[in-house]
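Step one of this worksheet: look at the structure below.
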Amino acid sequence: MTDHVDYAVQAEALEKRYGEKRALAGFDLHVRRGTVHGLLGPNGAGKTTAVRALATLLSLDSGRALVAGVDVRREPRRVRAKIGLTGQYAAVDEMLTGRQNLEMFGRLFHLGGGRARRRAVELLAQFDLVDAADNGVDTYSGGMRRRLDLAASMILAPDVLFLDEPTTGLDPRGRGEVWVAIRELVAGGTTVLLTTQYLEEADRLASRVTVIDQGRAIADDTPDELKNTVGGDRIEVVVSDAADLDTALRAVSRVAANVPQTDPAERRVHAAVTDRVAALTDVARTLQDAGVAVEDIGLRRPSLDDVFLRLTGHRTEPAEQAAAEKTGTAEKTAAAEKTEESVA
Ligand code: ATP
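Here the sequence shown stands for residues 673 to 1016, where the numbers follow the working numbering.
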């Protein structure tokens, strides 16, 4: 593999095993400089393992990776000087104010007192935290905390920033705030590798997305192309009376981008559409003119689950199972880190 200047991350055939489990099973990734690249996959797919390996926090069994042009296995220290990493859980100190937290991180990174203070002021402005700068972090909303966490990881303005599920657990407003902050980072020249379980998040932020399943990249494409593989946005109509299904089918056919499907048991007709709002308006009006009573009508965006079903033939696991696995994974990861630290 030659160092290609256009790429901030180049990874080929990465392998990481935990006993019998291949957390990374020949994983490939190419991230263009100055972009947001999404790493999309369900719980347990290998996202965190990939990010931690690229960030030099865990050792690989084999494969080769360059981050900001530096080999992660040969020169981990040099890689660490060029990257930032934020996890799913904010690392900020609840007892301090936003400003104090950033100054503390500045000193941890060996900036002098004056530089740490100036950097804190810049970051508070960049992440829209000026008004709350001198309030305790315990008074911050979820979105504000996550923005502070992002700011902390930007103290040294890294070339490459790894964001591991940066909006997990946030409400829609907090999620939107974090998205704005991430866009600003990239406008400033940072390359972002973002792991997420949300197709919508990858769609909003990333110019390219790698889908990961069982430790391997199973797709690498633009969000639009990924959505197209699952048929893009869909319109769904549920009629109150099954006798009206044919009328609904004709109404949906007028706007459909593919052959509409009927689901008689649920009195439902659905189809892919290209122009979402025009399709919705057209179908609603046609059904109203025909005097059809509609129980539900709406637009549905494809989800990660839809992409998975199309790419792999299986669904992502149910939420409860994933949550249970997640708890297990967190414990296992902590244990593995200990082992690797003591080896290092
Ligand atoms: P999540 O969203 O839950 O973090 P993920 O896509 O990041 O999921 P990983 O945490 O990378 O997935 O885990 C990939 C696989 O490797 C999972 O099956 C997980 O259980 C396993 N795994 C991860 N870390 C360890 C470990 N330290 N010991 C044993 N197995 C592990």
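Just so it is clear, CB atoms sit at the ideal spot from N, CA and C, and this is done for glycine as well.
- For Phe699, the pairing in a beta bridge is given by DSSP as Leu686.
- Glu908 has His942 and Gly970 as its beta-bridge partners, per DSSP.
- Remark: the shortest separation between the CB of Tyr690 and any heavy atom of the ligand ATP falls under 7 Å.
- Taking a contact as a CB-CB distance under 8 Å, the pair Gly904 and Thr840 does not count as one, their CB atoms being some 26 Å apart.
- The three-state secondary structure of Val949, taken from DSSP, is helix.
- In the same chain as Val910, and ignoring 5 residues on each side of it, the C-beta atoms closer than 6 Å to its own belong to Arg939, Arg940, Glu967 and Asp968, in chain order.
- DSSP places Gly814 in the helix class (H, G or I) of the three-state scheme.
- Taking 8 Å as the upper bound for CB-CB distance, Asp954 and Val931 are not in contact here, some 18 Å apart.
- In chain order, Met673, Asp700, Gly735 and Arg736 place their CB closer than 7 Å to the CB of Glu684, counting only its own chain and leaving out the 5 sequence neighbours on each side.
- The Cβ atoms of Thr867 and Leu711 sit closer than 8 Å to each other.
- If you look at Thr901, you'll find it in the alpha helix (DSSP H) that goes Pro895 to Thr901.
- Shortest Cα-Cα distance from Tyr679 to any of Val924, Pro895, Val949 and Leu865 involves Leu865.
- Rounded to whole angstroms, the Cβ separation of Val703 and Val681 is 4 Å, and the two are in contact under 8 Å.
- For the 8 Å CB-CB criterion, Val902 and Arg787 do not form a contact.
- DSSP places Lys719 within a helical segment (H, G or I) once states are collapsed to three.
- The three-state reading of DSSP puts Arg880 in strand, counting E and B together.
- For Val924, the closest C-alpha among the options Asp913, Ala915, Asp893 and Ala956 is that of Ala956.
- A distance criterion of 7 Å places the beta-carbon of Asn715 in contact range of the ligand ATP, judged by its closest non-hydrogen atom.
- Going by C-alpha positions, Pro895 is about 43 Å away from Gly785.
- In this structure, Thr882 has its CB at a distance of at least 7 Å from all heavy atoms of the ligand ATP.
- Ala929 and Leu738 have their C-alpha atoms spaced approximately 42 Å apart.
- Per DSSP, the beta bridge partners of Arg694 are Arg689.
- Taking the C-beta atoms as reference points, Leu917 is found nearer than 8 Å to Thr934.
- For Arg705, the closest of Arg752, Glu794, Arg880 and Glu837 by C-alpha to C-alpha distance is Arg880.
- Boundaries for Ile827: no alpha helix (DSSP H) harbours it, and the DSSP string shows neither H nor E there.
- A distance below 8 Å separates the beta carbons of Ala805 and Gly770.
- Taking the Cβ of Lys754 as the reference point, every heavy atom of the ligand ATP lies at 7 Å or farther away.
- Minimum Cα-Cα distance from Thr862 among the listed residues Met826, Thr984 and Arg779 corresponds to Met826.
- Counting of Cβ neighbours within 10 angstroms places Pro936 among the exposed residues, the total staying below 16.
- Nearest Cα to Pro974 within the set Ala951, Asn900 and Val949: Asn900.
- Taking C-beta atoms as the reference points, Val751 and Ala763 fail to come closer than 8 Å.
- A residue is called buried when at least 16 other Cβ atoms come within 10 angstroms of its Cβ; Thr811 does not meet this threshold and is exposed.
- In this structure, the straight-line span from the alpha carbon of Val677 to that of Asp831 is close to 13 Å.
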